[in-house]
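S.K.: Under the working numbering, the first residue of the sequence shown carries the number 78, and numbering increases by one thereafter.
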Amino acid sequence: MLIGLVGKPSVGKSTFFKAATLAEVEIASYPFTTIKANHGIGYVRVECIDKEFNTQCHPNHGFCINHQRFVPIDLMDVAGLVPGASEGKGLGNQFLDDLRGADVFIHIVDCAGETNAEGKLLEKGQEYDVCNDVIFLEEELDKWFCNILLKAWKGFARTAEIEKAKFSEAVAKQFSGLKVKEEQVKDVLLKTNLPEKASTWNEAQLMKFASALRKESKPMIIAANKVDAENGEKNYNKIKAKFCKEYLVIPCSADSELALRQATKAGLIEYIPGDKHFKIAKELNEKQKQALNRIKENVLDKYEYGTGVQQILNIAVFDFLKYIAIFPASANKLADSKGNVLPDCFLMPPETTALDFAYHLHTDFGKNFIKAIDARTKMAWGKEHKLKHRDGLEIVTR
Ligand SMILES: Nc1nc2c(ncn2[C@@H]2O[C@H](COP(=O)(O)OP(=O)(O)OP(=O)(O)O)[C@@H](O)[C@H]2O)c(=O)[nH]1
Ligand SMILES: [Mg+2]
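1) At a cut-off of 7 Å, is Lys90 close to ligand 2 when judged by its beta-carbon and the heavy atoms of the ligand?
2) Can you find a heavy atom of ligand 2 that lies under 7 Å from the Cβ of Thr111?
3) Any contact between the segment 306-313 and the segment 353-366? By contact I mean 3 or more CB pairs, one from each, below 8 Å.
4) With respect to the alpha helix (DSSP H) encompassing Lys228, which residues constitute its N-terminal and C-terminal limits?
5) Does the distance from the CB of Val88 to the CB of Asp175 come in under 8 Å?
6) What are the partner residues of Tyr382, as DSSP defines its beta bridges?
7) Any heavy atom of ligand 2 within a distance shorter than 7 Å of the CB on Asp54?
8) Since I believe Ile389 is in contact with Cys321 (beta carbons under 8 Å), could you give me their beta-carbon distance rounded to a whole number of angstroms?
9) For Gly344, which residues in the same chain have their Cβ closer than 7 Å to its Cβ, ignoring the five residues on either side in sequence?
10) Under the rule that 16 or more other beta-carbon atoms within 10 Å means buried, what is Ala281, buried or exposed?
11) Apart from the five residues just before and just after Ala194, which ones in its own chain have a Cβ nearer than 8 Å to its Cβ?
12) Report the start-end ranges of each beta strand (DSSP E) in the segment 367-420 that is 3 residues or longer and not cut off at the edges.
13) Which residue from Lys460, Arg453, Val473 and Cys223 puts its Cα closest to that of Lys128?
14) Along the beta strand (DSSP E) that carries Gly139, what are the first and last residues, could you check?
15) Following the continuous alpha helix (DSSP H) through Phe244, name the residue where it begins and the one where it ends.
16) Would you mind reading off the limits of the beta strand (DSSP E) that contains Phe182?
17) Closest to Phe244 by C-alpha separation, out of Gly254, Trp230 and Lys256, would be which residue?
18) Nearest-angstrom Cα distance between Leu377 and Gly383?
19) Taking three-plus beta-carbon pairs below 8 Å as touching, is the segment 297-306 in contact with the segment 261-278?
20) Distance check for Val248 and Arg228, CA to CA, integer angstroms please.
21) State buried or exposed for Thr111, treating a residue as buried only when at least 16 other CB atoms are found within 10 Å of its CB.
22) Bridge partners of Phe109, per DSSP?
23) In terms of DSSP beta bridges, what is Asn115 paired with?
24) So does Ile104 have its beta carbon nearer than 7 Å to some heavy atom of ligand 1?
25) Taking the alpha-carbon positions, what's the Phe423 to Cys134 distance?
26) Can you tell me the Cα-Cα spacing of Ser407 and Leu337, whole angstroms?
27) For the segment 390-406 against the segment 104-118, do three or more pairs of beta-carbon atoms, one drawn from each stretch, fall closer than 8 Å, so that the two count as touching?
28) Check Glu307 in the structure and name its three-state DSSP category.
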C-alpha cells in the first residue's frame with residue numbers, strides 16, 4: 078500500500094512527508110524544491126491490544142508509546158504539479174509517472190494563500206483563490222488518465238465492440254500499471270451510464286469516463302495545510318464550503334507537526350503523534366516556549382484533528398482504503414521465540430479472512446490451516462471467518 082502526497086509546488090508536501098517520516102528531505106519556500114520523488118516510511122496509529130492483556134508489546138517494526146501502536150506504511154512525496162503538467166509543463170509527466178503506484182492521494186493545499194498556481198509568491202496586489210488549487214489538480218489528473226485511455230483507445234474500442242465483455246478487461250489492462258482493478262472499471266461503466274458502444278464515445282465522454290475511473294481508483298483526501306498561517310482558517314473554511322460534498326477536507330499544519338516531532342526527538346516535550354496536547358519535559362528557552370505556545374493556541378486547541386498529519390494518514394488507510402490492523406497472537410503466549418510480546422501488527426485489505434491471513438503469514442500456514450483462535454475469547458474461527466480491525470489471532474496448522 079502506498080500513499081502519495083500531491084499538490085502544486087510550495088504547499089508543504091515535503092514538510093508533511095518529513096513530519097510523518099522524520100526523513101531528511103529538502104524543504105524551501107521556492108517552487109520545485111523537490112524534483113526526484115521521496116520515498117519513506119510513515120506510520121498509522123492503532124490502539125494496541127497489549128493493554129487488554131496487561132502487557133507491553135515489543136514491535137519488530139514501528140513503535141508503541143502508551144499503548145498506541147505505530148504501524149509502518151509507505152509514503153511518497155513528489156515534485157509539485159502545475160497547470161499543464163499532463164502536457165509536460167513544470168516537471169510534467171515524470172511527476173505523474175511517479176504517482177502510478179499510489180493507492181490513495183493526499184492532496185496538500187496551501188491555505189496560507191500566498192502563492193499562485195505555480196507555487197510562486199504572489200506579488201503585491203495580486204490575488205489568488207485557493208479553491209483553484211483543487212480544480213486544476215483534478216483537471217491535470219483527469220487529463221493524465223484520459224491520455225492513457227486514448228493511447229490504446231482505437232485498438233481496444235474496436236475489439237470491445239465485437240466482444241463487449243472484454244471491454245472492462247481491456248481498460249483494466251491498459252491501466253494495470255496504475256493499480257486499477259477490473260471491478261473498478263465495471264463499477265465506473267455502470268455509474269457513468271455512457272453509450273454502450275465505447276467506440277462512439279466523443280472527447281467529453283472519454284474524459285467523463287477517465288475522470289470517474291481516476292476518482293474510483295485513486296481516492297483523494299484534501300489536507301488544508303498551513304492553517305496556522307494568518308489566512309489559514311479563512312481559506313480552510315472556503316475550501317471546505319466549496320468541496321465538502323465531494324471531498325473530505327482536513328485542516329492541517331505540517332510545519333507544526335514537524336516542530337512537535339523534532340521537539341519530542343530532542344527530549345524537549347512528550348508528544349504522541351495524533352494527540353491534541355503535549356507535555357513539556359525539559360527547561361525551555363523563551364523562543365521555544367513561544368513557538369510551542371503558538372502551535373498549542375493556533376492549531377492543537379483550535380482544530381479537532383490536532384495538527385492533522387496523523388489523522389490524515391489514519392483516515393487514508395482505515396477509512397478510505399478500509400484496511401484493518403491484525404495482530405498475530407495466541408491468548409496463552411503473546412511472545413515470539415525471542416520473547417518479544419506482540420512483535421507484529423499487519424495491515425490487511427478489507428474482507429481479509431482467517432485463511433487469507435494465514436497465507437499472508439506463511440504459505441505453509443495457509444496450506445495446513447486447521448483453524449484460527451481469537452486471542453481475546455479463545456473461540457475457534459474457520460477459514461472463511463472475516464477478520465475485524467484490531468483482531469488478535471493464532472493460526473493452528475496441521
Ligand atoms: N506556516 C506554515 N508553513 C508551512 C507549513 N508546511 C510547510 N510550510 C512552508 O511552506 C514552504 C514549502 O514547503 P515544502 O514542504 O518545501 O513544499 P513542497 O510542496 O514540498 O514544495 P515543492 O517541493 O517545491 O513542490 C516552506 O517554507 C515550509 O516551511 C505549515 O503547515 N504552515
Ligand atoms: Mg517538496
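Even for Gly, the Cβ is constructed at its ideal location relative to N, Cα and C. All figures in this text were calculated on a predicted structure; none of them were measured in a lab.
M.R.: Walking through what the data contain:
1) yes
2) At least one heavy atom of ligand 2 is found less than 7 Å from the C-beta of Thr111.
3) no
4) Cys208 to Lys228
5) no
6) DSSP, once it has assigned bridges, lists no residue as partnering Tyr382.
7) Since the first residue of the chain shown is 78 and the last is 475, residue 54 is not available in this structure.
8) Contact flag wrong, Cβ pair sits at about 16 Å.
9) Ala358 and Lys359
10) exposed
11) Lys85, Val159, Pro160, Tyr205, Asn209, Asp210 and Phe213
12) 401-405
13) Arg453
14) No beta strand (DSSP E) holds Gly139; DSSP gives it neither H nor E.
15) Lys243 to Gln251
16) Val181 to Asp187
17) Trp230
18) Roughly 5 Å between the two C-alpha positions.
19) no
20) The sequence given here places Lys at residue 228; Arg does not occur at that position. Going by the C-alpha atoms only, they are around 11 Å apart.
21) buried
22) DSSP lists no partner for Phe109.
23) Paired residue(s): Asp154.
24) yes
25) If you take the alpha carbons of Phe423 and Cys134, they lie about 14 Å apart.
26) 37 Å
27) Contact fails: fewer than three Cβ-Cβ distances are below 8 Å.
28) coil
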